[in-house]
Each structure stands twice: as structure tokens, then as C-alpha cells.
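Quick notes on the structure that follows.
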Amino acid sequence: MSEQQANPDEGPLAAPERQGSWQDYAWTALIMALCMGLAKAVSLARLAEPNVVMIFLLGVVYVAIRFGRGPGVVASVAAVLLYDFFLVPPFHTLAVADAQYLLTLGVMLVVALVISTLTSRVREHAGEARRRERRTEALYRLTRQLAATSGHDQLVATARRELSEVFGGDVSILLPGQDGAPEPGAGPPASAKALYLPLVGPDGPVGTLAIRLPQGTERLLTPDQRQLLEACAGQIALALQRSALAEQTQRALVQVEAERVRSSLLSSISHDLRTPLAVIAGSSSSLLESGDAQTAATRRELLQSICDETSRMAIIIENVLRMTQLQSGAIALKKQWQPLEEVVGSALGRLGKALADRPVAVRIPPDLPLLNFDGVLIEQVLINLIDNAARYTPPGTAVDILASVEGEHAVVEVADRGPGLAPGEERHIFDKFVRGAAGTIQGRRGAGLGLAICRAIVQIHGGRIEAENRPGGGARFVFTMPIDLHPPAVSAEAGKVPE
Amino acid sequence: MSDMPSLVLVIEDDAAMRRFLRASLAAAGYRVTEAETGDASLKQAPLQPPDVVLLDLGLPDMDGLEVIRNLRTWSQVPIVVVSARGQEKDKVAALDVGADDYLTKPFSVGELLARMRVAMRHAARMAAGGSAEATQFTVADLKVDLAARRIFLADKEVHLTPLEYRLMGILAHHAGKVLTHRFLLEQVWGPPYVEETHYLRVYMANLRRKLEADPARPRYLLTEQGVGYRLADE
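Listed in order, the protein sequences are those of chains Z and R.
Counting from 1 along the first sequence, just add 1139 to a position and that's the residue number in this note's numbering.
Counting from 1 along the second sequence, just add 204 to a position and that's the residue number in this note's numbering.
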């Protein structure tokens, strides 16, 4: 009926109902006139007098419930006056002929006033309860949203979204460490009328909440809204502090893990480096001290082992450096569009002599699109996989390098016909410091880093790497790389036309 | 070349490395002079002009690139740089400022001598200018006739598109030498294309399909991963 009722979506921050607007009194007048009409009809119908009084009381109760205390009191007085004026003889005057009507009118006034006061109070309480419920609901929603969010930036975004929804203004959250400048267009400019609230968590201030409300900002100033805003600020501060703490813990965990890796790396390397170092030191000192007394064949053997052990050390050191770079994120991916064939060719070229006695079959579909990857790193993956196949299979064993397209990935496979993987090995073989259970053919061991490096490189390219036994015997290592459906075009006419 | 053995200037700060290089180069018939620092090498080079320079990029007193730039202001002497793996960026930078080739530590004596031979041969070819020696290039079954603009594989002519020929011609002109992506793109496609490495890669793949028995295991058109390409000359 009234303006207020017509607005069912009062925000939780809606001000307590306005007291006595002119519309309310107009409605009051109308309702009392209606009661008057009804009472007249009842009285003409010659029903008992109390019924007439009851109709007026009904009107008063309705007005008090609808419009509150002010209109209720007005209605009470109006009811008594109307009754007296129109229905108590003599009619059309406030004078009362029968003295007993004075009692009726007096009681009626008192009852009407009491009822209107009580009902309007009940109404206020209900409104208060409704507002409180909405506030609680808004706060609960915010808390729940914040709890479901992690990460500083997301928290700030969630808080901003929720608050703007509830308060209907531009909200920004200023955190120390940022420039203090709110994001362009989002935060209130310095000139705008904005409300600033400190965000204080249990461990101290974490930032500032700034809110700029739409026109008619005085709405914000009611204590209710202020209270809700402060409660929200408290929740946001709490969530921000919680996330900062979680990040700190995460960092500490990563540090612990890095420390653990470093120490196991150290112990593994020191063992793997000491052995070749001992061979080199021993052989060279033997040559120095008693070289003249040795046969040419012995001298050659010693020299050969110095040479072999050095290249073994070089590989280990290179792997360790690569792993450290990958782990610390110090490698900047230098992705370029290129055919897979080329990187396979350069990997085979670099392996050179290591593959001399092995038939190597390369099968790459000619229509494989250009792939976007870091050539140096993917070459390393191929070298490690092919070298692995060479080290874990008897001389002369064939190595196959195959490529295919599966959905949105290019699949590259390095497969051999050697002894294959031990059961259960498929899963752990890519972990650091894990060496093939079968043992290498020449009894040569690496630091167990080659495959871990492969996995790290493939992962930063957005691919997967897996190992499994090959149907028909042998092991196969498969890695994938995403295929971009829109490789750059190469037009035949691009560039200068040669003269 | 003259009967006088070639003079190698070794610019290297590590004493053990210098000892190894001195012994190996002397055994291969080279004369060797040494400089421990970039500064010393720049003072020494004009007094005793070397036939080839072996330069370690990690010098204590100055950036190896500075040494190359400085030498290049007055000399076309072949320069071979020595650097570690994983430093492709440094190698490319050194090649782009004028180095002829590079060696990756650790390297064998065989590799060292091969690189030096290529660099000196290349310098000699450049010096020979337009003579017949400079217009014909042959390695194994591959013959490139730069003057006639024709290419033969086992005496059968191979037909290339104009751009493919242009690329092949530049590779043959600098046979044996590693050429960076940037250099090739600039020479074949022009300066605006120096970042479009996929052009180069696609054309190299095409050349390999026409010239290589097994394009995935090239014999002539070699890839130097992260650096560029080299046309094999041995």
C-alpha cells in the first residue's frame, strides 16, 4: 500500500522506517474515513453500539501497524472525535447528551492510544529484527565468500565485489606496499566524498577501506550502516591477515623443500663426482710417477679412463646446473616456432658417437605443424631420453624416435628394445636421484637427474611425460607438447625478393 | 698460405687452460702467443698480428665482447670464442659482434683444431674475394656454384626457389662457419624480419627435404641449437 511497502528490496542498510511522512497521514485520514463510513452503516443497521466502537479500534490498530506511532495516535484521537461528532447524539456536534457516552469515549481513547503504542512498538521491534537479520546475512555472506577465497588479490576482489553489492558504491581497498593509488577508475578519486575505514586485524592494521557512495550519501551515516561497515572491515582485515599468514607458511614450506632438495643433491653429487675424480687423480698421478715404466698399452688405458671420466663428470655437472636453474626458476623460456624434426636432428647430432653402433629410426609425420618451444631445452629432453636408452640397453639395440598428433598435443616418443622397466618403476623414475633398477649396461651411473630434468622441462612447456614398457619388449618414454592451433603463417612471398 | 706456421693468440686467464692450449696447439704445428687479460691482448695484438684468435669470454678485466669489438675495428682476423654450455645468449652476442665461431667447454683437441681450421679457411676465402675458389663450394656430394647460381647433389642439379637459393648461397658463402638466426634473416629477408625465426626454420626444413638423405639426421645443414645454422664443410 504505502511507498515503503512498494519497495520490497530494502537493502540491509535501509534506514529505519521514516516517521510520519505526509502520505502516511493521508492514508490514515482515508482509513479513518472508511471506518467512519462503515460505522455509520453499522449504526444505521441498528446493531449494538459496541460494534461501532470496535470498527474504530480496528482502524486504529491497522494504522498503528502500518504507519507507526504518530499516525496511530492521530488515528486514536480522530476515532474518538469522529464517533462523537457523527454517531453520538446530538449529531454533528462534539457535545454529548447522554453522560454515559463520556465514559465510552474516554475508555475508547485510552484503549486506542494503548493499542496504537503497543502495536507500533511491536512493529519497530520487527523492523529492527529484520534489519539485524539482513545485516547478519550480509556479514555472513561476506565471511563465507572470504573464507572460500585464497590469495591476496582474489580476497581484495571478493571484498570489493561484496561490499559494492551491499553498499552500492565504489569500493577500493588500499594495502601498504602498493602505490597507495587505487586502481584507475575503480577507487574514489581524492576529490570525491569517500569514507575511509582502517582495516585492523588481530595483529595490527593491514590497510584501508575506501568507499565512495552514490549521490545521497547521508544514508551511510546511520549508526546501523556504520556498524555493518565496520564489521565487514573487521572480517576483511582478518581474511587478509589470514592469507598473508598462509602465504608466509607456504613460502617457509617451499624453503624447507628447497633446502631438502639441496642437501640431497649435495650428497648425491658429492658421491657421483668423487668417483670419477678419484679415477682421474689416480690415473694421472700414476702416469706422472711411473709412466716411463709402463707399457704403451697401459698408458693408453689410463689416458682413456681419464678422458671418459672427465666427460662423465661434465655431464653430471651440466645436469646439476640445469636442475638448479629449473628449480630456482632462473630459466627464461625462449619459445620459438619450429619444426620438431630440426630439434631431433640437432639432438642426434650432439649425441654423435654415443649412438654410433645403434640403428636410430626417426618417424615424424611430414604434416606435423610447427610447435612453439624452447629449442635448447627440448633438445636437452631428447638428448637425455636417447642417451638413457643408449645407456640402459645393450650395444646395437635400436632406438626409435616417433612423433604423432593426439588431439591438441604433439606426442613424442623415444622407445628402445632393451630390458624395459621394472614393475612399479614407471611412476618414480622421473623423481630426482632415482636410477633405473636394471642398472646400466656399462655399469655407468649418472646422478639420477636426467629424467627429473626432462620432467621439469616438459612441465614448463605445458606437457606431460610418462614412461612405460613397450608392447613387444623394451621401454618407451613419451612426452607431449601443446599444439597451438594458430601457428604463424609463412608466406612464400615474404621478405625481399632476391635480385 | 705461407710456409711460416700460423700464429695463434690465446686470450685466457686460467693458467692450466693456457698450458693445455699451448701444448696442444704447438703439437699441431701452430705458434702460440698468450694474453691473460683483455687489456693485455689488445695491446699485444697490433704488435704481433695473429692469424687466429682464441678468446675465452669470461675474462676478469673486461667483457669478451669488448675485446671482439675492439679487434674488429682494425682486423678481420678469425676469432673463435670459448664459452660454457647454457650460455647460448653469450655465444650469439659474440657471433653478432664479429666472432667467427665458438667452442663449448669442455671440448676435445680434435674439436678445437677443427674449429680453428674452419675459421682460417673461411678468412682465406673472404680474402680471396671473387676468385674461382670463392665461387665454388663442394662438400661430399653437395656442390654449390655461386657464380652460376646452381646447386648439384651427386652431380644432379637440384632446383630451389629463389628464396631457398638465396639462403643456400649465404650458407655456402660462409661454409663451415656458424651463422646466427639474426644474420641469416637479415641477409635473406631483410632487417624487418630479424625476429621472425620461424621463416628461417621453415625454409631450412624445405632445404633439408631437397638436399638431405634423412632430414632428421642432416649431413650438410647442421643446426646449432639456440644459436643458428652451419653448412658442414668437412
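Using N, Cα and C, we set each Cβ at its ideal position, and we do this for glycine too.
As the crow flies, the alpha-carbon of residue 1500 of chain Z is around 15 Å from that of residue 1482 of chain Z. With a threshold of 8 Å between beta carbons, residue 1442 of chain Z makes no contact with chain R. Membership of residue 1189 of chain Z in the alpha helix (DSSP H) is indicated by the continuous run 1188-1206.
For residue 1200 of chain Z, the CB contacts under 7 Å within the same chain, skipping 5 residues up- and downstream, are 1254, 1258 in chain order. Residue contact check for residue 1475 of chain Z against chain R: a CB pair falls below 8 Å. It is roughly 6 Å from the alpha-carbon of residue 392 of chain R to the alpha-carbon of residue 370 of chain R. A straight line joining the alpha-carbon of residue 229 of chain R with that of residue 1612 of chain Z spans about 49 Å. As DSSP reads the structure, residue 1619 of chain Z sits in a beta bridge with Z:1550. At least 8 Å separates the beta-carbon of residue 1497 of chain Z from that of residue 1542 of chain Z. A distance below 8 Å separates the beta carbons of residue 286 of chain R and residue 260 of chain R. Contact annotation for residue 1467 of chain Z against chain R: no contact, minimum CB-CB distance about 14 Å [criterion: below 7 Å].
In this structure, residue 275 of chain R lies away from residue 225 of chain R, with their beta-carbon atoms at least 8 Å apart. For the 8 Å CB-CB criterion, residue 1350 of chain Z and residue 1334 of chain Z form a contact.
In chain order, 310 make up the part of chain R whose C-beta sits under 7 Å from the C-beta of residue 1453 of chain Z. DSSP, reduced to helix, strand and coil, places residue 1300 of chain Z within a helical segment of the structure shown.
The beta carbon of residue 1449 of chain Z sits closer than 8 Å to some beta carbon of chain R. If you draw a 10 Å sphere on the C-beta of residue 419 of chain R, you find 16 or more other C-beta atoms in it, and that means buried.
In this structure, residue 1462 of chain Z sits away from residue 1590 of chain Z, with a CB-CB distance that is not shorter than 8 Å. Secondary structure at residue 301 of chain R: coil, using DSSP grouped into helix, strand and coil. Here residue 278 of chain R is exposed, its C-beta having fewer than 16 other C-beta atoms within 10 Å. About 7 Å separates the beta carbons of residue 389 of chain R and residue 403 of chain R, which is inside the 8 Å limit, making them a contact pair.
Per DSSP, reduced to three states, the secondary structure at residue 1395 of chain Z is helical.
Residue-level contact by beta carbon fails for residue 364 of chain R and chain Z, as no gap is shorter than 8 Å. Neighbours of residue 430 of chain R in chain Z, taken as residues at a C-beta separation under 7 Å, are given in chain order as 1514, 1515.
Contact of residue 1487 of chain Z with chain R by beta-carbon distance below 8 Å involves 420, 421. Between residue 1196 of chain Z and residue 1251 of chain Z, the gap from beta carbon to beta carbon is short of 8 Å. Within 8 Å of the CB of residue 405 of chain R, the CB atoms of chain Z belong to 1475, 1476, 1477, 1478, 1481, 1509, in sequence order along the chain. Setting aside the 5 residues that flank it on each side, residue 351 of chain R is surrounded in the same chain by 339, each with a C-beta closer than 7 Å to its C-beta; the list follows chain order. Among the residues facing chain R, residue 1518 of chain Z is included, as its CB has a counterpart in that chain under 8 Å away.
A straight line joining the alpha-carbon of residue 1363 of chain Z with that of residue 1344 of chain Z spans about 23 Å. Residue 1557 of chain Z sits away from residue 1608 of chain Z, with the two beta carbons spaced by 8 Å or more. Annotation for residue 1500 of chain Z: the continuous beta strand (DSSP E) segment containing it runs 1499-1502. DSSP places residue 341 of chain R inside the beta strand (DSSP E), whose first and last residues are 340-343. When the beta-carbon positions are compared, residue 1370 of chain Z and residue 1479 of chain Z stay at least 8 Å from each other.
The Cβ-Cβ distance between residue 1218 of chain Z and residue 1198 of chain Z falls below 8 Å. Counting along the chain, residue 356 of chain R sits inside the beta strand (DSSP E) bounded by residues 354-357.
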